[in-house]
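Student:
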Amino acid sequence: MQEHSPSHPTQRLKFGRIPVVDVWPVVGGGDFPAKAIPGEDIEVAATVFREGHDKIGATAVLFDPDGNPVQRARLTPGATGTDRWHGKIRPTGTGLWTFHIEGWGDNYATWRHNAEVKIAAGVDVDLMLTEGRQLLEQAGGQGGRPEENAQVLREAAAALADESLSVHERLAAGTSEEVLAAVRSHPIRSLVSPSKQYPILVEREQAGRGAWYEFFPRSEGAHYDPATGIWTSGDFTTAAERLPAVAAMGFDVIYLPPIHPIGEINRKGPNNTLTAGPGDPGSPWAIGSKDGGHDAIHPDLGGFEQFDAFVAAAEALGLEVALDLALQAAPDHPWATEHPEWFTTRVDGTIAYAENPPKKYQDIYPLNFDNDPRGLSEEVLRIVQLWISHGVKIFRVDNPHTKPVWFWEWLIGTVNREHPDVVFLAEAFTRPAMMHALGRAGFQQSYSYFTWRNTKDEIEEYFTEISHETAAFFRPNFFVNTPDILTEYLQYGGPAAFKIRAVLAATASPLWGVYAGYELYEHVARPGAEEYIDNEKYEYKARDFAAAEAEGRSLAPYLTRLNSIRRAHPALGDLGNLTVHRSTDPATVVYSKHKAHLPESHSGGRDTVVVVVNVDPHSARESTVSLDLAALGLRDEDYNDDGTFWVDDLLTGQSWRWGEHNYVRLDAHVEPAHVLHIRRSR
Numbered sequence: 001m002q003e004h005s006p007s008h009p010t011q012r013l014k015f016g017r018i019p020v021v022d023v024w025p026v027v028g029g030g031d032f033p034a035k036a037i038p039g040e041d042i043e044v045a046a047t048v049f050r051e052g053h054d055k056i057g058a059t060a061v062l063f064d065p066d067g068n069p070v071q072r073a074r075l076t077p078g079a080t081g082t083d084r085w086h087g088k089i090r091p092t093g094t095g096l097w098t099f100h101i102e103g104w105g106d107n108y109a110t111w112r113h114n115a116e117v118k119i120a121a122g123v124d125v126d127l128m129l130t131e132g133r134q135l136l137e138q139a140g141g142q143g144g145r146p147e148e149n150a151q152v153l154r155e156a157a158a159a160l161a162d163e164s165l166s167v168h169e170r171l172a173a174g175t176s177e178e179v180l181a182a183v184r185s186h187p188i189r190s191l192v193s194p195s196k197q198y199p200i201l202v203e204r205e206q207a208g209r210g211a212w213y214e215f216f217p218r219s220e221g222a223h224y225d226p227a228t229g230i231w232t233s234g235d236f237t238t239a240a241e242r243l244p245a246v247a248a249m250g251f252d253v254i255y256l257p258p259i260h261p262i263g264e265i266n267r268k269g270p271n272n273t274l275t276a277g278p279g280d281p282g283s284p285w286a287i288g289s290k291d292g293g294h295d296a297i298h299p300d301l302g303g304f305e306q307f308d309a310f311v312a313a314a315e316a317l318g319l320e321v322a323l324d325l326a327l328q329a330a331p332d333h334p335w336a337t338e339h340p341e342w343f344t345t346r347v348d349g350t351i352a353y354a355e356n357p358p359k360k361y362q363d364i365y366p367l368n369f370d371n372d373p374r375g376l377s378e379e380v381l382r383i384v385q386l387w388i389s390h391g392v393k394i395f396r397v398d399n400p401h402t403k404p405v406w407f408w409e410w411l412i413g414t415v416n417r418e419h420p421d422v423v424f425l426a427e428a429f430t431r432p433a434m435m436h437a438l439g440r441a442g443f444q445q446s447y448s449y450f451t452w453r454n455t456k457d458e459i460e461e462y463f464t465e466i467s468h469e470t471a472a473f474f475r476p477n478f479f480v481n482t483p484d485i486l487t488e489y490l491q492y493g494g495p496a497a498f499k500i501r502a503v504l505a506a507t508a509s510p511l512w513g514v515y516a517g518y519e520l521y522e523h524v525a526r527p528g529a530e531e532y533i534d535n536e537k538y539e540y541k542a543r544d545f546a547a548a549e550a551e552g553r554s555l556a557p558y559l560t561r562l563n564s565i566r567r568a569h570p571a572l573g574d575l576g577n578l579t580v581h582r583s584t585d586p587a588t589v590v591y592s593k594h595k596a597h598l599p600e601s602h603s604g605g606r607d608t609v610v611v612v613v614n615v616d617p618h619s620a621r622e623s624t625v626s627l628d629l630a631a632l633g634l635r636d637e638d639y640n641d642d643g644t645f646w647v648d649d650l651l652t653g654q655s656w657r658w659g660e661h662n663y664v665r666l667d668a669h670v671e672p673a674h675v676l677h678i679r680r681s682r
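Heads up: the sequence shown begins at 1 in UniProt numbering, then just goes up one per residue.
Right under this line is the structure:
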């Protein structure tokens, strides 16, 4: 008797009967789940092949959180010779879903190929017809196939056996369009070989879709008395008065910088100067004073009762409040005396302050997670849970890349186990490896380098990266500006630059955001810096939004239109469906987003948006735009008799007949962009 003989030749081997390798989306070999939101189309792919010349097929199977197979998506082959197969799956609810890819022998396609070749050559004619009859006969008699489908196969099998017909009539019956449709919908499979199952974490919609608006509560309602030179801070009550205008612009999230007490030791003055005057409020990110730390509210803003009322007012308008989680402390934060081990102490006995060369933050102590990781971690968890108890479900995390990745994996995992609807946004402008690791560790979304991608080549490369290379674990939130970031493009591009960046951000990513003042075209920088002069981080700023809009000096109506377009077009709500198209002009960017199989409420059941943007804010540009028609999901009925199709400009209301190649002229000073919806004929 032979020892160690396996029960089957393939037992414990890595390859199945039909090899399935390089499955996508798989994050960290399956150690981390891919990210998704309900209703999002997830691009899946795998390399599937077999020995010999027999035909194969591939299917993606999606399993719900209870382990039930709920969707089977037939994959289509990619470029010839690559053995790469692609398709889409769409989870419908939240939770931890899984999927696998099945490779299988395509019995019908194999027979059809052999039969057509051999019969044309007069080889094994009767054998080919008999094999086809048996194949279709057996498939037509198997359970699990709809009766109408099975009847098509049985009738074809009978025709293949009918010797009163000619050979070519019999073959034609076995390869008719009706038969092809029947086996497309329900393939005749053998040797089904599944890959491993891989996880997909499906989180609530705000984890992956939304328009953000940032303002400082202390500036909303702030008043300056020129007689005394003293500012009176705004508070949560006055800040709530701004909420209806934010909601009217179509934003979903109102993001607040830190609302905690601000340190007095080393407090910064205007424009980050080292000396603060008696009325200077200091940076909200310098957290902590005699009035408390991260679990307290700045006395000028009100107390928890006022904060709760602000959250309720926002919710009544359809807005969610996002709170800044800045894990750092002012020198007079209670932690500095109660827990000095939570900081880095220099050899001279002083606590190290924060630096981001050339910037220095003498008013901020960074935390050190190596001295007391358990104690510090539990304290942060307590703080997050406190704010969750006051209605906060979204946290914008300041500088997460300066803390250990393990900590975020632990904190977000711990919080989400009890509160799966809580969302964390990583404010991390750093090396890609760290930004991507934070996404894998659990951050639902992240700031991105979109802010500095301004040329056509930069934009096309970055849009391709975020939609096709990293979408499984990195959700970019395209903020057009922040209190710290005023790019040269906005400094010198005029109003057109503000429109251009808003269009790109609002249509390329399902997540985008603006910091207050963007709609007023605020663009004056502090000399020698890429940030605003009279930076609101260090002082109050009173803005008259209503007067600017009444006088036609506001971008608010444009932002409102963009957010309205986003809500009306599901194609803009997915990340991985972006396709870059060609244009002849070096400053004209063209991309599309397509989503199929929509609810009946959407005309045609499909949604396709084509965006054309002149990224030169100083001039008019002319270009020939060449579209990849296959990426647009067009069908025969969508075309006019002359081979064109209708597009409607969602910004201007104009309509044109378009085709594969189209002339475009965009004047940055009039309207720098087209946001085109492909009209479906039926």
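Virtual Cβ for every residue (Gly too), placed ideally from N, Cα, C.
Quick check for students: name the residue ranges of the beta strand (DSSP E) that lie wholly in the stretch 85-115, counting only runs of 3 or more.
Tutor: The stretch 85-115 contains these whole beta strand (DSSP E) runs: 95-106.
Student: Is Asp-398 near Glu-427, with beta carbons less than 8 Å apart?
Tutor: Mapped onto the sequence shown, residue 398 falls at position 398. Mapped onto the sequence shown, residue 427 falls at position 427. Yes; because the gap between Cβ atoms is below 8 Å, this pair is in contact.
Student: Can you give the Cα-Cα distance for Val-125 and Glu-137, rounded to whole angstroms?
Tutor: Here residue 125 refers to the residue found at position 125 of the sequence shown. Here residue 137 refers to the residue found at position 137 of the sequence shown. Taking the straight line from one Cα to the other gives about 18 Å.
Student: Can you tell me whether Ser-377 is helix, strand or coil according to DSSP?
Tutor: By one-based count along the sequence shown, residue 377 stands at place 377. Looking at Ser-377 - three-state DSSP - the assignment turns out to be helix.
Student: According to the neighbour-count rule (16 or more other Cβ atoms, all chains shown, within 10 Å of its Cβ), is Arg-680 buried or exposed?
Tutor: Your numbering for residue 680 matches position 680 in the sequence shown. Under this definition Arg-680 is a buried residue.
Student: Any idea what DSSP makes of Glu-622, helix, strand or coil?
Tutor: Taking the first residue of the sequence shown as 1, we reach residue 622 at position 622. Glu-622: strand per DSSP, three-state reduction.
Student: Helix, strand or coil: which one does DSSP assign to Val-514?
Tutor: For the purposes of this step, residue 514 is taken as the residue at position 514 of the sequence shown. DSSP places Val-514 in strand when its eight states are reduced to three.
Student: Would Leu-555 and Val-609 qualify as a contact pair, given that the criterion is a beta-carbon distance under 8 Å?
Tutor: Working through the sequence shown from its first residue, we reach residue 555 at position 555. Working through the sequence shown from its first residue, we reach residue 609 at position 609. No. Outside cutoff.
Student: Whose C-beta lies closer than 6 Å to the C-beta of Pro-404 among residues of the same chain, with five residues either side of it excluded?
Tutor: If you number the sequence shown from 1, residue 404 lands on position 404. Result list for Pro-404: Phe-369, in chain order.
Student: In chain order, what residues of the same chain have a beta carbon less than 6 Å from the beta carbon of Lys-541, not counting five sequence neighbours either side?
Tutor: Here residue 541 refers to the residue found at position 541 when the sequence shown is read from its first residue. Only Ser-219 meet the Cβ criterion.
Student: Distance check for Ala-506 and Val-559, CA to CA, integer angstroms please.
Tutor: Counting from one through the sequence shown, the residue named residue 559 turns up at place 559. Counting from one through the sequence shown, the residue named residue 506 turns up at place 506. It is Leu, not Val, that sits at residue 559 in the sequence shown. Distance between the alpha carbons of Leu-559 and Ala-506 is about 9 Å.
Student: In the DSSP output, which residue or residues are listed as bridge partners for Gln-138?
Tutor: Counting from 1 along the sequence shown, the entry for residue 138 is found at position 138. Gln-138 pairs with nothing; no bridge assigned.
Student: Going by alpha carbons, who is nearest to Tyr-538 out of Ala-316, Ile-388, Thr-273?
Tutor: Position 538 of the sequence shown, counted from the first residue, corresponds to residue 538. Ranking Ala-316, Ile-388, Thr-273 by Cα distance to Tyr-538 puts Thr-273 first.
Student: Counting beta carbon pairs with one atom in the stretch 28-41 and one in the stretch 195-215, are three or more of them shorter than 8 Å?
Tutor: The answer is yes - the stretch 28-41 touches the stretch 195-215, with three or more Cβ pairs under 8 Å.
Student: For residue 686, does the three-state DSSP call read helix, strand or coil?
Tutor: Because residue 686 is not part of the residues shown, which for the chain are 1 to 682, the question remains open.
Student: Rounded to the nearest angstrom, how far is the Cβ of Glu-178 from that of Val-202, given a contact under 8 Å?
Tutor: Residue mapping note: residue 178 aligns to position 178 of the sequence shown, counting from 1. Residue mapping note: residue 202 aligns to position 202 of the sequence shown, counting from 1. Incorrect: roughly 37 Å between the Cβ atoms, too far for contact.
Student: Taking the Cβ atom as the reference point for each residue, do Ile-56 and Val-48 lie within a distance shorter than 8 Å?
Tutor: For the purposes of this step, residue 56 is identified with residue 56 of the sequence shown, where counting begins at 1. For the purposes of this step, residue 48 is identified with residue 48 of the sequence shown, where counting begins at 1. For Ile-56 and Val-48, yes; Cβs fall inside 8 Å.
Student: Can you tell me whether Pro-557 is buried or exposed, with buried defined as 16 or more other CB within 10 angstroms of its CB?
Tutor: Numbered from its first residue, the sequence shown carries residue 557 at position 557. When all chains shown are included, Pro-557 counts as exposed.
Student: Measure the C-alpha to C-alpha separation of Glu-469 and Tyr-255 and round it to an integer number of angstroms.
Tutor: The residue labelled residue 469 in the question sits at position 469 within the sequence shown. The residue labelled residue 255 in the question sits at position 255 within the sequence shown. Using only the alpha carbons, I get a separation of about 29 Å.
Student: CA-CA distance, Gly-513 and Leu-243?
Tutor: The residue labelled residue 513 in the question sits at position 513 within the sequence shown. The residue labelled residue 243 in the question sits at position 243 within the sequence shown. Answer to the nearest angstrom: the Cα atoms are 16 Å apart.
Student: Measure the beta-carbon distance from Gly-293 to His-339 and round it to whole angstroms, keeping in mind my assumption that it falls under 8 Å.
Tutor: Residue mapping note: residue 293 aligns to position 293 of the sequence shown, counting from 1. Residue mapping note: residue 339 aligns to position 339 of the sequence shown, counting from 1. In fact, because the Cβ distance is near 10 Å, the residues do not count as touching under 8 Å.
Student: Could you check the C-alpha separation between Lys-360 and Gly-375 for me, to the nearest Å?
Tutor: As a working mapping, residue 360 is identified with position 360 in the sequence shown. As a working mapping, residue 375 is identified with position 375 in the sequence shown. Their backbone Cα atoms lie some 28 Å apart in a straight line.
Student: Buried or exposed for Leu-13, please, with buried defined as at least 16 other CB atoms from any protein chain shown within 10 angstroms of its CB.
Tutor: The count along the sequence shown starts at 1 and reaches residue 13 at position 13. That one is exposed.
Student: For Trp-111, I'd like the list of residues in its chain whose CB is within less than 7 Å of its CB, leaving aside the five on either flank, ordered along the chain.
Tutor: Reading the sequence shown from its first residue, position 111 is the one you call residue 111. Correct list, in chain order: Glu-131, Gly-132, Leu-135.
Student: Going by DSSP, what residue range makes up the beta strand (DSSP E) through Lys-593?
Tutor: Taking the sequence shown and counting its residues from 1, the one referred to as residue 593 is at position 593. Per DSSP, Lys-593 belongs to the beta strand (DSSP E) from 588-595.
Student: Below 8 Å between beta carbons: does that hold for Glu-241 and Gly-221?
Tutor: Counted from its first residue, the sequence shown places residue 241 at position 241. Counted from its first residue, the sequence shown places residue 221 at position 221. Taking 8 Å as the Cβ cut-off, Glu-241 and Gly-221 qualify as a contacting pair.
Student: In this structure, does DSSP put Asp-398 in helix, strand or coil?
Tutor: In the sequence shown, the residue the question calls residue 398 occupies position 398. Asp-398 falls in the strand class under three-state DSSP.
Student: Given this structure, state the Cα-to-Cα distance separating residue 694 from Val-611, to the nearest angstrom.
Tutor: This structure does not reach residue 694, given that the chain is present from 1 up to 682, and the question cannot be answered.
Student: DSSP puts Pro-366 in a beta bridge; with which residues?
Tutor: Stepping through the sequence shown from its first residue, residue 366 is reached at position 366. Note: Pro-366 sits in a beta bridge opposite Gln-328.
Student: Checking the sheet assignment: what are the DSSP bridge partners for Ala-34?
Tutor: Indexing the sequence shown from 1 puts residue 34 at position 34. DSSP output for Ala-34 lists Ile-200 as bridge partner(s).
Student: Just confirm the distance between the C-beta atoms of Ala-620 and Asp-667, as a whole number of angstroms; I'd bet it's less than 8 Å.
Tutor: By 1-based counting over the sequence shown, the position of residue 620 is 620. By 1-based counting over the sequence shown, the position of residue 667 is 667. Going by Cβ atoms, the distance from Ala-620 to Asp-667 rounds to 4 Å, so yes, they are a contact pair.
Student: May I ask you to verify whether the stretch 584-592 touches the stretch 624-631, counting CB pairs closer than 8 Å and requiring at least 3?
Tutor: Cβ pair count under 8 Å is three or more, so yes.
Student: Could you tell me whether the Cβ atoms of Phe-478 and Ser-448 are closer together than 8 Å?
Tutor: Along the sequence shown, read from residue 1 onward, the residue named residue 478 stands at position 478. Along the sequence shown, read from residue 1 onward, the residue named residue 448 stands at position 448. Yes. Within cutoff.
Student: I need the straight-line Cα distance from Ile-351 to Thr-345, nearest angstrom please.
Tutor: Locating residue 351 in the sequence shown gives position 351, counting from the first residue. Locating residue 345 in the sequence shown gives position 345, counting from the first residue. If you take the alpha carbons of Ile-351 and Thr-345, they lie about 4 Å apart.
Student: Taking only the alpha-carbon atoms, compute the straight-line gap between Arg-17 and His-186 and give it to the nearest angstrom.
Tutor: Position 17 of the sequence shown, counted from the first residue, corresponds to residue 17. Position 186 of the sequence shown, counted from the first residue, corresponds to residue 186. The straight-line gap from Cα to Cα measures roughly 21 Å.
Student: Within a Cβ cutoff of 6 Å, which residues of the same chain sit near Leu-325, ignoring the five residues on either side of it in sequence?
Tutor: Taking the first residue of the sequence shown as position 1, residue 325 is located at position 325. For Leu-325, where only same-chain residues beyond five positions count, the Cβ hits under 6 Å are Phe-395, Val-397.
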